[in-house]
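Trainee:
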Amino acid sequence: GESVGLHLPTLSVQEGDNSIINCAYSNSASDYFIWYKQESGKGPQFIIDIRSNMDKRQGQRVTVLLNKTVKHLSLQIAATQPGDSAVYFCAEKGTGGSYIPTFGRGTSLIVHP
Amino acid sequence: DAGITQSPRHKVTETGTPVTLRCHQTENHRYMYWYRQDPGHGLRLIHYSYGVKDTDKGEVSDGYSVSRSKTEDFLLTLESATSSQTSVYFCAINDRNVQNEQYFGPGTRLTVT
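Structure below.
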C-alpha cells in the first residue's frame, strides 16, 4: 500500500552544523508534503510544507527539498542548535478536500553542544 | 500556541473499564482529530470531525467512539479499554483556510493495565 517513511531513525550532529533529515514517499498523487517537529513530552508542531509542483521551499533556517523523480523529501536545518533536538516527522496529504495527512515514523535529531 | 488543551494528561485504568478523553479548543476551528502515537508507528488517525455532530472514522477506529456536541469540544471514548490501547493520544485542530497546518494538543498518556 501507500506509505510514508524515513531513512534514518536517529541523526546526531554537532551544534552549528547543518542537518539533513530525509523522507521517502510512495504516493505520487500526494499534493502536499509537510514537516513537523516534536519535542519530548509535547505534541507535534508544524514547521514547513511544500506543494508537489515545487522543488524547494525555504523558511527560517529550514529548507525543504522535493525530488519527485525519486519520491524523496528532505528537511535541511542550517546552523543546528540544541533547541532543534527533537523528532521530525514528514507527512503527505492528498487533494480533493482531504485534510488528513499520513505521517511517517519520525527521525530523532540529537544536537551535541 | 494554539488554544488547545487535553484532559486528563495522564491516566491509568484497568482492562474493561470505559475511558473518555477530552479535547478542548478556543480557536473556533472546524476540524478536529484524534491520533494515537506508538513506538515504531507514525501518528495514526483514530477519528476526526468536520463540524458539530459530523464525525468520521480514521485508519484505527476499532474500539473507539467520538462525539462532538460543541465546536470547542471533541471527546474520545474507549468503551472497554484493552491493553492494546495503551498509547499517547493527541488531539489536533485545523482551519480550512490554513489546511496544511494542524495544531496539536499536549497529549494524553493512557496506560491500560
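Just so you know, the sequences run in chain order Y and L. To convert a position in the first sequence, counted from 1, into my numbering, add 10. To convert a position in the second sequence, counted from 1, into my numbering, add 215. The beta-carbon is built from N, C-alpha and C at its ideal position, and this holds for glycine as well. Fair warning: this is a prediction, and the values are worked out from it, not measured in the lab.
1) How would you list, in chain order, the residues of chain L whose beta-carbon sits under 7 Å from the beta-carbon of Lys81(Y)?
2) Can you tell me where the beta strand (DSSP E) with Arg259(L) in it begins and where it stops?
3) Is the Cβ-Cβ distance between Pro223(L) and Ser295(L) less than 8 Å?
4) Can you tell me which of Ala34(Y), Ser50(Y), Ser118(Y), Gly51(Y) puts its alpha carbon nearest to the alpha carbon of Phe43(Y)?
5) Verify whether the separation of the beta carbon atoms of Ser276(L) and His262(L) is less than 8 Å.
6) Using the Cα positions of Arg245(L) and Pro123(Y), report the straight-line distance between them to the nearest angstrom.
7) Would you call the CB atoms of Thr220(L) and His239(L) closer than 8 Å?
8) Considering Asp253(L), what are the terminal residues of the beta strand (DSSP E) in which it resides?
9) Any C-beta of chain Y within less than 7 Å: which residues of the region 242–268 of chain L qualify?
10) Nearest to Glu287(L) by alpha carbon, out of Thr228(L), Leu236(L), Pro254(L), Glu242(L)?
11) From Leu293(L) to Pro111(Y), what does the alpha carbon distance come to, in whole angstroms?
12) Can you check the region 268–309 of chain L for any beta strand (DSSP E) of at least 3 residues that lies completely inside it and give the ranges in chain order?
13) Around the Cβ of Val227(L), are there at least 16 other Cβ atoms within 10 angstroms (buried) or fewer (exposed)?
14) What residue range is occupied by the uninterrupted beta strand (DSSP E) comprising Ala96(Y)?
15) What is the rounded straight-line gap between the Cα of Tyr318(L) and the Cα of Lys66(Y)?
16) Quick one: residues in its chain with C-beta nearer than 8 Å to the C-beta of Thr73(Y), no 5 flanking neighbours on either side, listed in chain order?
17) Mapping the DSSP letters down to three states, classify Arg311(L) as helix, strand or coil.
18) Closer than 7 Å, Cβ to Cβ, to anything on chain L: give me those residues from the region 77–104 of chain Y, in chain order.
19) Give the DSSP bridge partners of Arg61(Y), in chain order.
20) Name the residue from Gly51(Y), Glu49(Y), Asn63(Y), Val97(Y) whose alpha carbon lies nearest to the alpha carbon of Asn77(Y).
21) For the beta strand (DSSP E) containing His244(L), list its first residue and its last residue.
22) Shorter than 8 Å from the beta carbon of Ile31(Y) to some beta carbon of chain L?
23) Would you say Gly322(L) reaches chain Y, if we count a Cβ-Cβ gap shorter than 8 Å as a contact?
24) Can you list, in chain order, the residues of its chain with a C-beta nearer than 8 Å to that of Tyr265(L)? Leave out the 5 residues immediately preceding and following it.
Mentor: Based on what the coordinates show:
1) Residues of chain L passing the Cβ test: none, with the nearest at roughly 17 Å.
2) 259–266
3) no
4) Ala34(Y)
5) yes
6) 42 Å
7) yes
8) No beta strand (DSSP E) holds Asp253(L); DSSP gives it neither H nor E.
9) Tyr246, Gly255, His256, Gly257, Leu258, Leu260, Tyr263
10) Glu242(L)
11) 23 Å
12) 269–272, 279–285, 288–293, 302–309
13) exposed
14) 96–103
15) 24 Å
16) Lys66, Arg67, Leu85, Gln86, Ala88
17) helix
18) Phe99, Lys103
19) Tyr42(Y)
20) Asn63(Y)
21) Run containing His244(L): none; DSSP gives neither H nor E here.
22) no
23) yes
24) Arg245, Tyr246, Asp271
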